[in-house]
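Protein chains in written order, with this note's numbering: chain A, 2 to 184; chain B, 2 to 184. Each residue gets a CB set at the ideal place from its N, CA and C atoms; glycine is no exception.
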DNA sequence: TCCAGGCGTCAACACGTGTTGGCCTACAGT
DNA sequence: ACTGTAGGCCAACACGTGTTGACGCCTGGA
């Protein structure tokens with residue numbers, strides 16, 4: 002079959018995202034990705050040069066945290082939880098990152114910097130507790146990532162069947178306390 | 002050098018635990034483990050038969066949850082958090098399990114069954130809410146595993162520098178609410 | 001002293017991996 | 001119709017992996 006170059010590239014990228022999300026960096030092989038995309042492994046190299054660069058392209062990511070200044074103070078926790086659930090389900094990028102960060106120092110560093118660059122400022126602004134903003138952000142991250150780990154990666158059945166609203170109701174106050182309780 | 006068979010076996014097991022904890026199942030190679038133990042890779046096979054069986058031996062695990070019936074009702078959350086911190090730091094087994102469960106369905110299943118077999122009954126007994134015990138246990142697991150993920154695996158600096166007591170103070174009430182709040 | 005059996009090493013196999021280079025072929029521009 | 005080029009495939013390389021079997025050597029018991 003014959004295609005435009007960019008179509009093939011997109012096809013590869015889609016297959017790569019699925020494989021990386023399902024298997025993590027190591028177990029996702031170029032050959033499997035190529036097979037999913039219906040092309041030859043060498044095409045992957047042609048378009049992306051290297052497995053590492055393919056991963057970088059597949060794992061491009063932005064948390065897209067909303068502006069929280071217009072949210073009522075008491076709803077910050079729930080809003081954050083709801084946003085993360087959305088962000089986690091819109092595409093597979095966070096699963097890719099988490100599955101890989103656990104055994105790959107470079108990707109772990111990437112996760113750390115994503116959270117410190119985007120979540121710490123929120124915690125600082127909301128809590129007014131600039132001294133402990135990093136701790137507060139880390140605590141919030143621990144609950145949010147833990148939920149995602151159990152729900153999307155380990156697939157604990159009881160967490161999988163809970164509705165979005167249930168999760169927001171349970172986790173909202175927790176994140177609220179971490180991020181916004183008075184110093 | 003010459004040794005008793007059991008000494009060598011123990012040596013291999015210790016090296017394996019370190020490697021599995023540091024690198025996860027896939028990246029920890031038999032050759033590297035053998036090198037750490039100062040012996041030939043084939044000895045590993047002789048003593049454990051298979052990489053998978055070596056892993057099974059290295060990842061043998063018991064949560065060792067304490068009896069909570071003698072703990073004052075309000076302290077259950079803090080007690081659980083403190084126990085998990087201990088359990089997590091006494092040896093590397095939980096890190097091994099977590100690092101591997103993320104990309105290995107069999108080990109993920111093992112974690113699920115560990116938590117459902119040991120944490121669900123606690124949640125049921127403490128909360129009296131038998132209908133939602135599985136959800137409560139899963140929520141508690143999400144916070145506890147999330148903390149461990151961020152502290153021991155992703156190594157978020159701010160979580161790493163927090164003291165045991167700080168963590169108990171922050172997470173205790175959360176786990177308390179998950180596991181013991183009235184239905 | 002001898003020797004059987006267990007502790008240990010070496011070298012190799014079979015396989016899967018990322019990666020490379022050469023070749024084919026359909027199509028667009030002349 | 002001719003041809004250059006871009007999209008695609010094939011075969012192979014180099015390497016690291018788990019795993020195996022043959023071979024030495026030390027040591028404890030007869």
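Residue-level contact by beta carbon holds for residue 167 (chain A) and chain B, with a gap shorter than 9 Å.
Under the Cβ criterion of 9 Å, residue 103 (chain A) is counted among the residues facing chain B.
In this structure the region 157–172 of chain B lies against the region 135–143 of chain A, because at least three pairs of beta carbons, one per stretch, are closer than 8 Å. At a cut-off of 9 Å between beta carbons, residue 52 (chain A) makes no contact with chain B.
Per DSSP, reduced to three states, the secondary structure at residue 120 (chain B) is helical. Counting only Cβ-Cβ distances below 8 Å, residue 123 (chain B) has no contacts in chain A at all, with the closest Cβ about 14 Å away. Fully enclosed alpha helix (DSSP H) runs of no fewer than 4 residues occupy 31–38, 42–49, 52–59 of the region 17–76 of chain B, in order along the chain.
Interface with chain B (9 Å Cβ-Cβ cutoff): residue 25 (chain A) is included. By the neighbour-count definition (other C-beta atoms within 10 Å, threshold 16), residue 35 (chain B) is a buried residue.
Spanning the alpha carbons of residue 91 (chain A) and residue 62 (chain A) requires a straight line of approximately 12 Å. Distance from the CA of residue 51 (chain B) to the CA of residue 107 (chain B), rounded to the nearest whole angstrom, comes to 16 Å. Counting only residues of its own chain and dropping the five nearest sequence neighbours on each side, residue 120 (chain B) has a CB closer than 8 Å to the CB of 64, 66, 138, 141, 142.
Judged by DSSP in its simplified three-state form, residue 129 (chain B) adopts coil rather than helix or strand. For residue 182 (chain B), the secondary structure class from DSSP, reduced to helix, strand or coil, is coil. Here DSSP, grouped into helix, strand and coil, assigns residue 93 (chain A) to coil. For residue 160 (chain A), the enclosing alpha helix (DSSP H) starts and ends at 158–162. Taking residue 59 (chain B) as reference, the option from B:86, B:96, B:17 with the minimal CA-CA separation is B:17.
By the criterion of a C-beta distance shorter than 6 Å, residue 124 (chain A) is surrounded in its chain by 134, 137, 138, 180, once the five residues flanking it on both sides are discounted.
Residue 159 (chain B) sits buried, since 16 or more C-beta atoms from the chains shown fall within 10 Å of its C-beta. Sixteen is the threshold: when 16 or more other Cβ atoms of the shown chains lie within 10 Å of the Cβ of residue 78 (chain B), as they do, the residue is buried.
Residue 157 (chain A) is a Cβ neighbour of residue 116 (chain B), given a cutoff of 9 Å.
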